[in-house]
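2 protein chains.
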Amino acid sequence: MTFQEPVIDEQKPALDYIFHPGTIAVAGVSAETRGTGIANSYVKRFEAAGFKGTIYAVNPSGGEAMGRKIYRSLKDIPEQVDFVVSAIPARHTPQLISDCAEKGVKLLHLFTAGFSELGDETGNALETEILSVARQAGIRITGPNGMGIYCPKTGLTFDEGFTRKSGNVGWIAQSGRNGTYVVRDASMRGVYFSKAISYGNAADLNECDFFEYFRDDPDTEIIAAYIEGVKDGQRFFQVLKEAASVKPVIIFKAGHTEAGSRGAASHTASIAGSSVVWNAALKQAGAIQVYSLDELVDVLVLLNFLSRPAGRNISIVGFGGGAGIQAADACTDQGMKVPESPQELQDELTEICGGRAGSIFKNPFDLWPKAGSKGTSAAIESISGWEKTDLLLVHIQFDLNPSVRNMMYRPYLDTLKRLAPEIKHKTVVVLDFVLSAEAKKLSLEVQSVLAEFGYAVFPSVNRAALALGRYINYHDRRKPAGNLFV
Amino acid sequence: MTFQEPVIDEQKPALDYIFHPGTIAVAGVSAETRGTGIANSYVKRFEAAGFKGTIYAVNPSGGEAMGRKIYRSLKDIPEQVDFVVSAIPARHTPQLISDCAEKGVKLLHLFTAGFSELGDETGNALETEILSVARQAGIRITGPNGMGIYCPKTGLTFDEGFTRKSGNVGWIAQSGRNGTYVVRDASMRGVYFSKAISYGNAADLNECDFFEYFRDDPDTEIIAAYIEGVKDGQRFFQVLKEAASVKPVIIFKAGHTEAGSRGAASHTASIAGSSVVWNAALKQAGAIQVYSLDELVDVLVLLNFLSRPAGRNISIVGFGGGAGIQAADACTDQGMKVPESPQELQDELTEICGGRAGSIFKNPFDLWPKAGSKGTSAAIESISGWEKTDLLLVHIQFDLNPSVRNMMYRPYLDTLKRLAPEIKHKTVVVLDFVLSAEAKKLSLEVQSVLAEFGYAVFPSVNRAALALGRYINYHDRRKPAGNLFV
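Heads up: the sequence lines are chains A and B, in that order.
For the first sequence, the working numbering puts the final residue at 486, and the numbers step up evenly by one.
For the second sequence, the working numbering puts the final residue at 486, and the numbers step up evenly by one.
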């Protein structure tokens, strides 16, 4: 097997071949007698991810590991090698790249650190040398100092336990840990990836290349990025603008302070740039800017599950007056409207719930759960059917004493499952008050069921409100003037 | 047993007797043959909390529950009753208050809802009637529409599973759920309570009474409040200012928007007031204002564990470049300084860690954990010993693949335990990247150990930085001019 060539499918963007290697070689695999390292993990990860081609192990010391021969050199491998992953010390990489060139390798991923991010002459010289050989030989490089490529369709991955389910998000991260965190969190919340790249120092392939790719990739509908710095600001702005004009692009730019940018320089040799310039550029390009990984995933979840709302009105329902008030405050602060419910709806809810004591029916709605599953269901159906419910926020709390908790979340869960076809496109569910490990376990189970049913799920009303504000503003900016939305 | 009278200890503030009942009666307990309700839970909770006096059950229907006789009336109880908890329907409360008056009850807690928060004449009239009888008879009331009193020293509680450990925080909440959430979260993080009151509509005893009490209570060192509205703004401001002049006061004021204040009116009959006025008043009174329960507990944790820092410089250390950069950004944004480390310290760390590849030694410090327990320990000791480390933020991530996680958190935990006597007063520990139930369980175990060792623990760098900014500003405001701190 070899790379799928771009000529096979003219619909695919030029860079598509890097996600379709036929064979992989991992450099730095230790023979089992000598212990095990990160390179060995890569071999296991590709196997577990269902990579269909052959995976070769390479190490000058030879030996055997994981039931396979370790080749002493790339050049000893008896067939074409498309993709090489390197976890060898930086000082050995010049030999490796020269072997790659001889072998006709198309893509090299350098997990290896110790290049330009060191900020010294040795590191810079090494990176320049590798790059120069790669360019001559037509080898593309991801990294150095990154985790690699995740593409569930073709069995590529850069960490253990990533889901094999494919999705619609194209994600790039200049930090490996951040790259994995977002994949894990998003997939636990029902959002999956077309491709993700942890691209480290971006010596060769960089954020611009990936944005261009994602823009044209039919499998990618939403683009997200964690960026510490870019080398060519002008190209970046142009590429970002083009991408954002066809697909939503979410960007978390780190290193916006002096200390943060010092960190970015040492981490991935990035020049972080002025935050004023960045903020203005992202806004002008039409990107959605966020300020943490959690905020990034929160917006991904909304873009994935919700449909463009008809307006800014939101109804808030749950069990707990304090939580409802905070949700009303937070939603208003983020630019939504929380309209008061009409008398007819209040009367209807009073009847459904058998009285008013302990409940609030004005929006925010606080439903004391004595109405049980049937009453809760009828109440939420009435509220979601109200013409002013452009959006619906349902909050459920978990760290209550168990008897109250069980009385509470089950009617809500039943209701949300039953009403999913009608309301999931405009509903966010907050699973809140999760303190103990037991509450966490239960809330994750509920989250998983709700995500299966197509719901956007959040861990707090404040996070839901912040994401909703960004989501609404995004749609607002993209809508022609003169609409009800503003 | 009867109430501990204030005359016994002249040091104690006047209201102290409400936390020392000798006997309790719970009104509304159901005979076991008729099922069980909230009143039955109160009986069980007081028992579990170690209340030393007798707990009586009352219900006009009589019968037996939890091995005790249910008295048909308060008046049938054969001894003095100090404290009555009512969970009976609102319409029966006039009879109850009249029985309380006859029986010489000193404190009535009304869990019962259905009073002024309904916003109608019936509810208002009922509340006025109850209050008038209470005033004549010298009965104080907490609630209605609240959960009650938590005082671990005397075995009072308002929810299941509250710790019996006493602490230094006096806490009041106008929402029952919020009241319990803060007690649970804080005590999981090593912060305990002198007294907490979920005070609902505040028909009689209100936030002013409790602030006055906490101000003079020798067991209370920190005061915190969740408030939806106050009835007497002038008195509130005066009392708050006096309390804040002797002890730190943290306030989360909810209902700052139109919809939020509509919720507050329906929830606890509160007039939320203008947020501009509130913000100005809280600032002028010297209170620390927060905007969520999580933020409130975060500041509590710092006030409990840290000593006033020598300055605004913070050193950031952990494993993960991206996380370090975000922490540096967040700390700078919140008014701290993240100074660059001197060359000698960088050289020392390079030697300790056996090289620079994969690490950052400039602050933020990113320690690739190959140095093991001994190296990590030496590195953190060097960093914390640096003269510019006024504050130290240590971040540990949990949702990594298990082999990396174990390699990582153990050396950090060992180090923090060993260095606790020297560094705990200036260190915050962030247990971050907690997604799975398994990671949550482990991080809570680590949190519990760290809290035992006297550390302030946070779930994200952003939350730690926000709380630190507030904590530093609080101390800054209280310091005379002309110091290094500004």
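Just so it is clear, CB atoms sit at the ideal spot from N, CA and C, and this is done for glycine as well.
- Look at the beta carbons and you see the stretch 28-36 of chain A not touching the stretch 134-154 of chain A: under three pairs across the two are nearer than 8 Å.
- At a cut-off of 9 Å between C-beta atoms, N363 (chain A) counts as an interface residue with respect to chain B.
- Residue state for L96 (chain A) is assigned as helix, using DSSP reduced to three classes.
- Around the beta carbon of A439 (chain B), a 10 Å sphere encloses 16 or more other beta carbons of the protein chains shown; the residue is thus reported as buried.
- Against chain B, the CB of V338 (chain A) has a partner CB under 9 Å away; the residue lies at that interface.
- The three-state reading of DSSP puts D204 (chain A) in coil, since its state is none of H, G, I, E or B.
- The beta carbon of S292 (chain B) falls within 9 Å of a beta carbon belonging to chain A, placing the residue at that interface.
- Using a Cβ-Cβ distance cut-off of 8 Å, the stretch 280-293 of chain B and the stretch 243-251 of chain B are in contact, since at least three pairs of beta carbons, one from each stretch, lie closer than that value.
- Just measuring C-alpha positions, the residue of B:F236, B:K417, B:N201, B:G179 sitting nearest A323 (chain A) is B:G179.
- Taking 9 Å as the cut-off, the Cβ atoms of E228 (chain B) and S275 (chain B) do not count as close.
- Excluding the 5 residues flanking it on each side, V434 (chain B) has same chain C-beta neighbours closer than 8 Å at F398, D399, K440, S443, P459, in chain order.
- Nearest in C-alpha terms to K165 (chain B), of all of B:V182, B:Y181, B:I172, B:S194, is B:S194.
- Residues of chain B whose Cβ lies closer than 8 Å to the Cβ of H267 (chain A) are, in chain order, G321, G322, G324, I325, I360, D366.
- Among the residues facing chain A, A285 (chain B) is not included, as its CB has no counterpart in that chain under 9 Å away.
- Of B:D294, B:L306, B:F51, the smallest CA-CA separation from I423 (chain B) is found for B:L306.
- The shortest CA-to-CA distance from P94 (chain A) to any of A:F51, A:A48, A:A27, A:I18 is the one to A:A27.
- The beta carbon of V299 (chain B) lies closer than 7 Å to those of I250, I288, V290, A467, R470, Y471 in the same chain, with the five residues before and after it left out.
- With fewer than 16 other CB atoms across the displayed protein chains lying within 10 angstroms of its CB, D232 (chain A) is exposed.
- Between D16 (chain A) and Y213 (chain A), the CB-CB gap stays under 9 Å.
- In the assembly as shown, A243 (chain A) is a buried residue. Its beta-carbon has 16 or more other beta-carbons within 10 Å.
- Taken in chain order, the members of the stretch 165-189 of chain A whose beta-carbon sits within less than 9 Å of a beta-carbon on chain B are A173, Q174, S175, G176, R177, N178, G179, T180, Y181, R184, D185, M188.
- In the three-state scheme derived from DSSP, where H, G and I count as helix and E and B as strand, Y471 (chain B) is classed as helix.
- Contact annotation: in the stretch 421-434 of chain A, residues whose CB is within less than 7 Å of a CB in chain B are F433.
- Note on geometry: alpha-carbon atoms of N206 (chain A) and V446 (chain B) lie some 38 Å from one another.
- When secondary structure is reduced to three states using DSSP, K165 (chain A) falls in the coil class, being assigned neither helix nor strand.
- Shown here, R405 (chain A) sits in a helix according to DSSP, grouped into three states.
- Note on the stretch 401-460 of chain A: whole alpha helix (DSSP H) runs with a minimum of 4 residues are 402-423, 437-452, in chain order.
- Below the 9 Å Cβ cutoff, chain B contributes no neighbours of A125 (chain A), its closest Cβ being approximately 15 Å away.
- The Cβ atoms of A224 (chain B) and I172 (chain B) sit closer than 9 Å to each other.
- Of all residues in the stretch 450-476 of chain A, only S460, N462 come within less than 8 Å of chain B when Cβ atoms are compared, listed by chain position.
- When the beta-carbon positions are compared, S382 (chain A) and E348 (chain A) come within less than 9 Å of each other.
- Interface flag for G28 (chain A) against chain B is unset, since no Cβ pair is found closer than 9 Å.
- Burial state of E47 (chain A) is exposed, judged by a 10 Å Cβ sphere holding fewer than 16 other Cβ atoms.
- Going by C-alpha positions, E295 (chain B) is about 40 Å away from V58 (chain B).
- If only complete runs of 4 or more residues are kept, the stretch 218-264 of chain A shows the alpha helix (DSSP H) at 233-246, in order along the chain.
- Put simply, of A:D82, A:S41, A:F51, A:P89 the residue whose alpha carbon is nearest the alpha carbon of P60 (chain A) is A:P89.
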